Each structure stands twice: as structure tokens, then as C-alpha cells.
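Visitor:
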Amino acid sequence: MHIPDGFIPLLQCAIYGIITAIILIISLRWARKNLDEKMVPLMAVLAAGIFAIMSLNIPVPFGTSVHMVGAALVAIIFCAPEAAVIIFTLVLLVQALLIGDGGVTALGANILNMGIVAPFVGFYSFKALRKPLGKVPSIFIASWLSIFMASVMLVIELWFAGKLLTSGLASLFLIIQSLSGVIEGILTVIIILAIEKTRPDLLAWNRIKRDNINKSNVSEEDA
Numbered sequence: 001m002h003i004p005d006g007f008i009p010l011l012q013c014a015i016y017g018i019i020t021a022i023i024l025i026i027s028l029r030w031a032r033k034n035l036d037e038k039m040v041p042l043m044a045v046l047a048a049g050i051f052a053i054m055s056l057n058i059p060v061p062f063g064t065s066v067h068m069v070g071a072a073l074v075a076i077i078f079c080a081p082e083a084a085v086i087i088f089t090l091v092l093l094v095q096a097l098l099i100g101d102g103g104v105t106a107l108g109a110n111i112l113n114m115g116i117v118a119p120f121v122g123f124y125s126f127k128a129l130r131k132p133l134g135k136v137p138s139i140f141i142a143s144w145l146s147i148f149m150a151s152v153m154l155v156i157e158l159w160f161a162g163k164l165l166t167s168g169l170a171s172l173f174l175i176i177q178s179l180s181g182v183i184e185g186i187l188t189v190i191i192i193l194a195i196e197k198t199r200p201d202l203l204a205w206n207r208i209k210r211d212n213i214n215k216s217n218v219s220e221e222d223a
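For the sequence shown, this note's numbering assigns the number 1 to the initial residue and increments by one for each residue that follows.
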């Protein structure tokens with residue numbers, strides 16, 4: 001899903017870069033206000049894991065590629081897509097500068113797709129679907145949607161750039177990404193269930209629940 005240099009005009013790259021920079025600043029403010037020091041090592045581990053899985057690319061039409069992303073996974077673990085914005089900005093920056101995976105000029109577009117669209121779609125889909133469908137189905141659907149909508153965004157960017165050859169190739173790309181999303185959804189479910197079983201304290205929704213219980217107990221004691 002990485003867009004290389006030369007595929008998007010510089011003016012469009014600049015626009016995507018500005019949008020990404022604004023959302024990154026908002027995310028950094030979120031981190032300063034909400035990020036627990038105990039969660040920083042988890043962010044580092046997730047960043048390393050995401051760097052590894054995103055480096056396993058399968059080339060597809062338009063000069064881009066298919067690979068696992070993990071955006072919904074990060075957003076759901078932290079109950080905040082802002083955490084994913086920070087992690088993916090760092091990962092994609094390192095990939096572009098050190099190993100040439102994704103273009104430097106296209107960095108804003110790549111972050112927008114994988115580090116903004118994917119985690120925000122993933123998290124808010126999970127949040128909307130968790131009560132009516134349950135935890136496991138909502139995680140799977142949210143992960144799948146995060147991949148699919150990021151892919152749709154990529155197709156739109158390539159269309160504006162004049163690099164979209166035919167609607168048939170675009171449809172083929174989205175079908176391939178949809179299949180990739182199924183695999184990502186299954187892996188995301190497995191990872192989150194494993195974390196919940198072994199280290200439930202790492203999942204933000206458990207910490208939020210615990211904090212609410214503690215606040216309720218304090219209120220009852222004060223009463």
C-alpha cells in the first residue's frame with residue numbers, strides 16, 4: 001500500500017503532507033495529555049512489529065503493494081486512533097528514509113492512508129459495532145474496514161494523480177486488498193484476545209473500566 005516517489009504530483013503531495021501534519025500535531029497533544037508512561041514501551045513494541053509486517057510487500061498494479069498494516073490493532077489497543085497516527089508516522093518515515101519503502105515525497109499520502117484513515121475507521125467502527133455485535137465480530141469487521149477504506153483512499157489519490165489506468169485494475173486492487181483485510185481481521189482478533197488473556201492491563205478499555213470503578217468507589221466513600 002506504499003506509494004513510491006513520482007506517482008503523485010508535488011502539489012498534491014504537499015496537500016496530503018499538510019493534512020497529515022495537522023492531524024499529527026493533534027495526536028501529539030493527545031499523547032502529552034493522555035499517554036501513560038507505562039504504555040510507551042508497548043508503543044515501541046507495536047512500532048517494531050508493524051515495521052516488520054509492513055516490510056513484507058507483495059507487488060500489485062499501480063506501483064503499490066499489499067501487506068499487513070495493523071492500524072486498527074493499535075487504535076483498538078489504545079482506544080485512540082491518535083496513538084496509531086504517531087506510530088505509523090514514525091514507521092513510515094523510517095521505511096521511506098532507510099529502506100526506500102514508500103516515497104519521501106509521498107510520505108504525507110502514505111501516512112494519510114495507513115496512519116490516519118485506517119486507524120480512525122478501524123477504531124470508530126469497533127466502537128460503533130461492539131455493543132450490537134460483540135467484541136470479536138466488531139474487531140474483525142473494524143480491521144477489515146480499516147484496510148478497505150485505506151485502499152479506497154489510495155485509489156482516489158492515484159485517480160487525482162492520473163495514475164489510475166482502468167476501473168478494472170482499480171477493482172482488482174480493491175478485491176486483493178479486501179482479501180488481505182480478511183487475513184488482517186483474523187490476526188487482529190487473535191492478537192487482541194491473546195493480550196486480553198495474558199496482559200489485560202495493556203488494553204485501554206480495561207484500564208478505563210478500572211479507573212471508572214475506582215472513581216465510583218471514591219465517590220461512594222465520600223458520600
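For each residue, glycine too, the CB sits at the ideal point set by N, CA and C. As the structure is a prediction and not an experimental result, all values here were calculated from the model.
Taking 8 Å as the cut-off, decide whether the C-beta atoms of L202 and I116 are in contact.
Guide: By 1-based counting over the sequence shown, the position of residue 202 is 202. By 1-based counting over the sequence shown, the position of residue 116 is 116. Cβ distance not < 8 Å, so L202 and I116 don't count as in contact.
Visitor: Is the Cβ-Cβ distance between A71 and P119 less than 8 Å?
Guide: The residue given as residue 71 occupies position 71 in the sequence shown. The residue given as residue 119 occupies position 119 in the sequence shown. A contact, by the Cβ cut-off of 8 Å.
Visitor: Let me know the secondary structure DSSP gives I234 once reduced to three states.
Guide: No information on residue 234 is available, as it lies outside the stretch 1 to 223 that the chain covers here.
Visitor: Looking at C-beta atoms only, is the number of pairs between the stretch 50-57 and the stretch 156-173 that lie closer than 8 Å three or more?
Guide: Flag = no, the stretch 50-57 and the stretch 156-173 do not touch.
Visitor: What span of residues does the alpha helix (DSSP H) with M43 cover, start to end?
Guide: Taking the first residue of the sequence shown as 1, we reach residue 43 at position 43. That run of the alpha helix (DSSP H) goes 40-54.
Visitor: Starting from V189, follow its DSSP beta bridges and name the residues at the other end.
Guide: Here the question's residue 189 lines up with position 189 in the sequence shown. Bridge partners of V189: none, in fact.
Visitor: Can you find the residues in the same chain that come closer than 7 Å, C-beta to C-beta, to P81, ignoring five residues on each side of it along the sequence?
Guide: Position 81 of the sequence shown holds residue 81. So the qualifying residues of the chain are A75, P119, F120, F123.
Visitor: Got a sec? Which residues, its chain only, sit under 8 Å from Q95 by beta carbon, not counting five neighbours each side?
Guide: For this step, residue 95 is matched to residue 95 along the sequence shown. So the qualifying residues of the chain are H2, F51, M54, S55, D101, G102.
Visitor: Going by beta-carbon coordinates alone, are M153 and N113 separated by less than 8 Å?
Guide: Numbered from 1 along the sequence shown, position 153 holds the residue referred to as residue 153. Numbered from 1 along the sequence shown, position 113 holds the residue referred to as residue 113. Yes. Within cutoff.
Visitor: Tell me the rounded alpha-carbon separation between K127 and S138.
Guide: Here residue 127 refers to the residue found at position 127 when the sequence shown is read from its first residue. Here residue 138 refers to the residue found at position 138 when the sequence shown is read from its first residue. Spanning the two alpha carbons is a distance of roughly 8 Å.
Visitor: Drop a sphere of 10 angstroms on the beta-carbon of G7, count the other beta-carbons inside from all chains shown, and report buried for 16 or more, exposed for fewer.
Guide: In the sequence shown, residue 7 corresponds to position 7, counting from 1. In the sequence under discussion, the amino acid at residue 7 is Phe, which differs from the Gly named in the question. Result: buried.
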